[in-house]
Amino acid sequence: MAARPATARSATARPATVTARSAWHDVPRPKVREFAAIAMAEAPALAEEILREIRREHPQLPLVLDDSGEPMALVGIRRAIEVFVQHLETAEGRPTVPPGVFQEFGRGEGLHGRSLDSLQAIYRMGVRLAWRRLAEIGQRVEIPPPAMYELVDTGYEYLDGLVDQSVRGYAEAAARQAGERLRLQRRLMELLLAEHHRGDPVEALSERAARIGWPVPDKVAVGVLLRPAREAVAPAVGQEVLLDMEYEQPRMVVPEPDAAGRPELLHRALTGWSGAIGPPVPLADAVKSARWAEAAVGLMERGLLPGGGVLYCTEHTEALVLLQPEELIDDLAVRCLAPLEHCGPTHGRRLAETLLAWLETRGGAPEVAARLGVHPQTVRYRLRQIRELWGDEIDHPDRRFQLELVLRAQRLRGELGDPRAGR
128 MAARPATARS ATARPATVTA RSAWHDVPRP KVREFAAIAM AEAPALAEEI
178 LREIRREHPQ LPLVLDDSGE PMALVGIRRA IEVFVQHLET AEGRPTVPPG
228 VFQEFGRGEG LHGRSLDSLQ AIYRMGVRLA WRRLAEIGQR VEIPPPAMYE
278 LVDTGYEYLD GLVDQSVRGY AEAAARQAGE RLRLQRRLME LLLAEHHRGD
328 PVEALSERAA RIGWPVPDKV AVGVLLRPAR EAVAPAVGQE VLLDMEYEQP
378 RMVVPEPDAA GRPELLHRAL TGWSGAIGPP VPLADAVKSA RWAEAAVGLM
428 ERGLLPGGGV LYCTEHTEAL VLLQPEELID DLAVRCLAPL EHCGPTHGRR
478 LAETLLAWLE TRGGAPEVAA RLGVHPQTVR YRLRQIRELW GDEIDHPDRR
528 FQLELVLRAQ RLRGELGDPR AGR
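Residue numbering for the sequence shown follows the working numbering, beginning at 128 and increasing consecutively.
Structure representation (structure tokens):
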């Protein structure tokens, strides 16, 4: 007995699905066929009327002809009307948007650098004009008003399909343009970073720059980047900065690097990246800036320049000048520091640090002692040894310059302590 009420409740808990009635489906088939026949017969004239009105409201709209010499827009409008009317006659599924033409409209907007706003406005105008004519035909054959109202909703649904086709074409054009711009940009960068130029390099660069709409700057700085990860997304440096991610170490060309706001923009865009930006140079000398940036990145990878960010070569001139020509500096060091060979590693290092502090301060024992953090008497003892080892050469300007050069290089490499640190 107790089971019956539960069964009754569960039956009433599931309301029967109610299928919405279609006012258009209720229209007698003969009237539908009559409506469709008249609309199909008037489709060519309606298409021409719509195109005339569009041309009047949007005179700047280009009129592209197909192979037969007929305007593509007219073909597209006429075909769209015919497909819609055929759907009204069959009333099966949704009206299928004719492929190709409306996609081509969107593609054309994209290739000419226009937005889809005007195209969508044109489509809406076309639907309004088409609806006005269809409403007149509906009155002639006495289609009930509810059915005609339903036709409006179907028309705007159809419009959504046309817009979708155009959006797809627009996206394809945008992707194609982006790919073409990237290809041309890469060729421009290859020319910029070439070791040797044929003819007038500025003229050749200007021609290629014009093809991608890149304003030719007076000066550039070239950056070399280290990827934070293999699949790292390209930094958003903006279109004015040329960027090529195809390199193992991505390259970028920064126009007018000292322009107001440029360093701040790069700082934000390159957060999370590391690398180096070379010195500003004339446009034709971009490869020189690239060489310094490459050298700085090499020193960063060896731990001789600070990592973890993007540094500017102009802020590390001493390190780049002294650490770059390693073979030359090492050879000079062998010759200049030969007197220290027999002093032992620890004592020789202390004498070298004292010598460098003396050369940098150009002062006496108290100044050098303060710099090194040792007793002045210790400095006096070391300076006497230095004079014994080098003799009169220690007073020769060229020899002093060479000694300071090699000792500074050794300090940058970490082979000597910082003379400002306490001992």
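Glycine included, C-beta positions come from ideal geometry on N, C-alpha and C.
Would you give the residue range spanned by the alpha helix (DSSP H) that residue 427 belongs to? 413-428
Other residues of its chain near residue 536: CB distance less than 7 Å, five sequence neighbours each side excluded: 449, 450, 456
CB residue 376 to CB residue 353, shorter than 8 Å? yes
For the region 442-503, list the beta strand (DSSP E) runs that are entirely contained and at least 3 residues long, ordered along the chain. none
Rounding to the nearest angstrom, what Cα-Cα distance links residue 497 and residue 316 in this structure? 51 Å
When you compare each of 400, 255, 272 to residue 359 by their alpha carbons, which one comes out closest? 400
Cβ pair count under 8 Å reaching 3, the region 341-351 against the region 402-422: yes
Tell me, please, whether the region 331-348 touches the region 373-393 by the rule of three or more beta-carbon pairs shorter than 8 Å. yes
Buried or exposed: which applies to residue 454, given that a residue is buried once 16 or more other Cβ atoms fall within 10 Å of its Cβ? exposed
So for residue 245, helix, strand or coil by DSSP? helix
For residue 172, report the span of its alpha helix (DSSP H) as first-last. 156-184
Rounded to whole angstroms, what's the CA-CA distance from residue 424 to residue 511? Just pull it up for me. 41 Å
How about the region 194-205 and the region 268-280: do they share at least three Cβ pairs that are nearer than 8 Å? no
Outcome for residue 473 when other beta-carbon atoms lying within 10 angstroms are tallied against a minimum of 16: exposed
Per DSSP, residue 349 forms a beta bridge with which residues? 380
Which residue or residues does DSSP assign as beta-bridge partners of residue 439? 404
Assuming residue 411 and residue 440 form a contact by the criterion Cβ under 8 Å, report the distance between their Cβ atoms to the nearest whole angstrom. That belief does not hold up - the Cβ atoms of residue 411 and residue 440 are roughly 19 Å apart, past 8 Å.
Please look up how many angstroms separate the CB atoms of residue 215 and residue 159, rounded, as I've assumed it's under 8 Å. 7 Å
Just to check my reading of the structure: residue 163 and residue 271 have Cβ atoms closer than 8 Å, yes? What is that Cβ distance to the nearest angstrom? At roughly 16 Å, the Cβ-Cβ gap does not stay under 8 Å, so residue 163 and residue 271 are not in contact.
Given a cut-off of 8 Å on the beta-carbon distance, is the pair residue 295 and residue 230 in contact? yes
Do you know how far the Cα of residue 422 is from the Cα of residue 506? 37 Å
Residue 460 beta carbon less than 8 Å from that of residue 533: yes
Flag this pair as touching only if the region 176-185 and the region 251-263 have three or more C-beta atom pairs under 8 Å; answer yes or no. yes
In angstroms with no decimal places, state the Cα-to-Cα distance between residue 548 and residue 499. Bear in mind that the predicted position of residue 548 carries a pLDDT of just 46, short of 50, making it unreliable; the figure below should be weighed with that in mind. Going from the Cα of residue 548 to the Cα of residue 499 covers about 7 Å.
For residue 529, which residues from the same chain have a beta carbon less than 7 Å from its beta carbon, with the 5 sequence-adjacent residues on both sides left out? 459, 463
Per-residue burial, residue 142 [other beta carbons within 10 Å of its own, 16 or more giving buried]: Bear in mind that a pLDDT of 45 at residue 142, under 50, signals an unreliable position, so the model cannot answer this.
Within 8 Å, strictly: CB atoms of residue 526 and residue 486: no
Buried or exposed by the 16-neighbour rule on C-beta atoms within 10 Å, applied to residue 195: exposed
Tell me the rounded alpha-carbon separation between residue 469 and residue 516. 10 Å
Span of the alpha helix (DSSP H) around residue 525: 524-539
If we ignore side chains and look at the alpha-carbon of each, how far apart do residue 186 and residue 318 end up? 42 Å
Cβ-based neighbour list, residue 539, same chain, cut-off 8 Å, excluding 5 preceding and 5 following: 431, 445, 446, 449, 450
Ordered along the chain, which non-local residues of its own chain (more than five positions away) have a Cβ less than 7 Å from that of residue 321? 414
CB-CB length for residue 233 against residue 297, believed under 8 Å: 4 Å
Residue 215, enclosing alpha helix (DSSP H) - first and last residue: 199-217
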